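Peer 1: In our numbering, the protein residues as written are 288 to 713. Before I ask anything, let me first share the structure, which is written out below as structure tokens.
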Ligand code: SF4
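Now the structure itself:
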């Protein structure tokens, strides 16, 4: 656990005078407003925005940039929904539709353990016919296979959207008391061996965007309910924002604000003091970072993962998608607005490794992992086999000027001897 000092922003006047008051707030550990966020989006001086995000990133995580060795399992692409920005889903019986058996999950887990992975990250479509037991069996199969092989492999699985789908399949989801059904599902999955929740399915927390691009998916209040219950049960979770389609920048900022309010609640439950406005910021001098991996202190958002929208193959193919500067700026703003998130991930699969190197200098402290298979979004010109060798990840981090540190899912440092590994509590 580290005690934080003030962020060190290089002295000197900004080209854009509107950034001065924002810098003063950042240096004082004060929360930025939505209006501040809009200034950060609209200023032509994007490099000063990146510089401020870098100062906060160094305040929270020093010179360290994290990577992990993991394997993604997208257990089915069959989905009851048809989100417009999604190129992954298929309808049952359609060409290319698939679902893995539990035996196949076991085999993939075995391969992951043999490759030295510390994590399985498993998400999929909302399959209309698989029974609830399939999901608990999947998690149990991952954990049992790992146990048999003497590995502490972590099972991170199911977005909030899938958790609600599971509650509906299990017939425990009630609109007038949805947290009860969500809690029941999470308890069954925790019993089976679930270790944490990923952050997908959040998209953009806005009803207009929801209605136009992913109607049928859960709305922001339900997504936040799932994470709230997970936090109450001691699970750490992550969060995403899928940007660069039909949403505007203000809607992105509202999304970030809703996430940081949810994190205020989570950190308050863990004993953090809030200010008069109810804000709990990690960027104030003297505040402690949440203890990585300490289960008795689990139950908060670890990471925000800004995900750029890829138009190719989706129903929104006519849109251009975000450009490189917008990707840099959005990640930097996420670092500055989400003052109570310990980590910001540049998910290299969607950003590309070259962009991830730049983002490490603009607020990111995590590049995710070696990701053997990733079916959800294909970067143009690549197939789904998107493995990057550990040496390449480390080289990319070092070339960006940071110290490459392998982490487990809960941001504990991994001690590795070839394929064998253990973790050190911080
Ligand atoms: S984004 Fe998720 S819920 Fe929407 S269609 Fe794709 S797989 Fe289904």
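Glycine included, C-beta positions come from ideal geometry on N, C-alpha and C. Computed from a prediction, not measured in an experiment: that's the story for all the values here.
Taking 8 angstroms as the line, does the beta carbon of residue 603 fall inside it for any heavy atom of the ligand SF4?
Peer 2: Translated into the one-based positions of the chain shown, residue 603 becomes position 316. False, no ligand heavy atom lies under 8 angstroms from that Cβ.
Peer 1: At which residues does the alpha helix (DSSP H) containing residue 555 begin and terminate?
Peer 2: Along the chain shown, read from residue 1 onward, the residue named residue 555 stands at position 268. 536-556 is the span of the alpha helix (DSSP H), which, as asked, contains residue 555.
Peer 1: So within the segment 375-441, which uninterrupted beta strand (DSSP E) runs reach at least 3 residues, ignoring any that extend past its ends?
Peer 2: List check, beta strand (DSSP E) in window: 406-409.
Peer 1: With distances taken Cα to Cα, identify the nearest neighbour of residue 603 among 533, 460 and 357.
Peer 2: The sequence position of residue 603 within the chain shown is 316, counting from 1. Comparing Cα positions, the closest option is 533.
Peer 1: Mind checking which residues open and close the beta strand (DSSP E) that includes residue 475?
Peer 2: Residue numbering aside, residue 475 sits at position 188 when the chain shown is read from its first letter. No beta strand (DSSP E) holds residue 475; the alpha helix (DSSP H) holding it covers 465-479.
Peer 1: Would you kindly report the start and end of the unbroken beta strand (DSSP E) that includes residue 354?
Peer 2: Looking up residue 354 in the chain shown gives position 67. Here the beta strand (DSSP E) through residue 354 covers 351-355.
Peer 1: In this structure, how does DSSP classify residue 303 when only helix, strand and coil are distinguished?
Peer 2: Against the chain shown, residue 303 aligns to sequence position 16. Note: residue 303 maps to coil in three-state DSSP.
Peer 1: Near residue 312, what residues of its chain come up, given a Cβ to Cβ distance below 8 angstroms and the 5 sequence neighbours on each side ignored?
Peer 2: Numbered from 1 along the chain shown, position 25 holds the residue referred to as residue 312. 318, 319 and 323.
Peer 1: How about residue 538 and residue 491: are their beta carbons less than 9 angstroms apart?
Peer 2: As a first step, residue 538 is located in the chain shown; it is residue number 251 there, counting from the start. As a first step, residue 491 is located in the chain shown; it is residue number 204 there, counting from the start. Contact: yes.
Peer 1: Which stretch, first to last residue, makes up the alpha helix (DSSP H) that contains residue 517?
Peer 2: As a first step, residue 517 must be located in the chain shown, where it is residue number 230. Run containing residue 517: 507-519, per the alpha helix (DSSP H) assignment.
Peer 1: Is it true that the segment 365-379 meets the segment 338-355, where meeting means three or more beta-carbon pairs spaced less than 8 angstroms apart?
Peer 2: The segment 365-379 is not in contact with the segment 338-355.
Peer 1: Please state whether DSSP places residue 458 in a helix, a strand or coil.
Peer 2: Here residue 458 refers to the residue found at position 171 when the chain shown is read from its first residue. The answer is coil: DSSP assigns residue 458 none of H, G, I, E or B.
Peer 1: Should residue 394 be counted as a contact of the ligand SF4 given a C-beta to heavy atom distance under 8 angstroms?
Peer 2: Position 107 of the chain shown, counting from 1, holds the residue named residue 394. Residue 394: no, Cβ never under 8 angstroms from the ligand SF4.
Peer 1: Nearest CA to the CA of residue 617: which residue from 461, 591 and 598?
Peer 2: Translated into positions along the chain shown, residue 617 becomes position 330. Taking only the C-alpha atoms, the option nearest residue 617 is 591.
Peer 1: Quick one: using the 10 Å Cβ neighbour count with 16 as the cut-off for buried, is residue 707 buried or exposed?
Peer 2: Position 420 of the chain shown, counted from the start, is the residue given in the question as residue 707. Answer is exposed; the Cβ neighbour count stays below 16.
Peer 1: Would you give the residue range spanned by the alpha helix (DSSP H) that residue 682 belongs to?
Peer 2: Taking the first residue of the chain shown as 1, we reach residue 682 at position 395. Looking at the DSSP string, the run of the alpha helix (DSSP H) that includes residue 682 is 677-686.
Peer 1: Confirm the yes/no value for this check: CB of residue 501, any heavy atom of the ligand SF4, distance under 8 angstroms.
Peer 2: Within the chain shown, residue 501 is the residue found at index 214, counting from 1. Yes - the ligand SF4 has a heavy atom lying nearer than 8 angstroms to the Cβ of residue 501.
Peer 1: Count the other C-beta atoms from every protein chain shown that fall within 10 angstroms of the C-beta of residue 415, then say buried if there are 16 or more, exposed otherwise.
Peer 2: The residue labelled residue 415 in the question sits at position 128 within the chain shown. Result: exposed.
Peer 1: Along the chain, where does the beta strand (DSSP E) that runs through residue 530 open and close?
Peer 2: As a working note, residue 530 is residue 243 in the chain shown. Its beta strand (DSSP E) spans residues 523-530.
Peer 1: Reducing DSSP to helix, strand and coil, say where residue 706 ends up.
Peer 2: Within the chain shown, the letter at position 419 stands for residue 706. In the structure shown, residue 706 sits in coil (DSSP, three-state: anything other than H, G, I, E or B).
Peer 1: Please determine, among 601, 479 and 620, the residue with the shortest C-alpha to C-alpha distance to residue 543.
Peer 2: Residue numbering aside, residue 543 sits at position 256 when the chain shown is read from its first letter. When only C-alpha atoms are compared, the closest one is 620.
Peer 1: For residue 439 and residue 682, I'd like the C-alpha separation in whole angstroms.
Peer 2: Here residue 439 corresponds to residue number 152 of the chain shown, with the count starting at 1. Here residue 682 corresponds to residue number 395 of the chain shown, with the count starting at 1. One C-alpha to the other measures close to 27 angstroms.
Peer 1: Check whether the Cβ atoms of residue 489 and residue 447 lie closer than 9 angstroms to each other.
Peer 2: The sequence position of residue 489 within the chain shown is 202, counting from 1. The sequence position of residue 447 within the chain shown is 160, counting from 1. Taking 9 angstroms as the Cβ cut-off, residue 489 and residue 447 qualify as a contacting pair.
Peer 1: Which residues in the same chain as residue 516 place their Cβ atom closer than 8 angstroms to its Cβ, once the five residues preceding and following it in sequence are excluded?
Peer 2: In the chain shown, the residue the question calls residue 516 occupies position 229. Once the five neighbours on either side are set aside, the close Cβ partners of residue 516 are 466, 469, 470 and 473.
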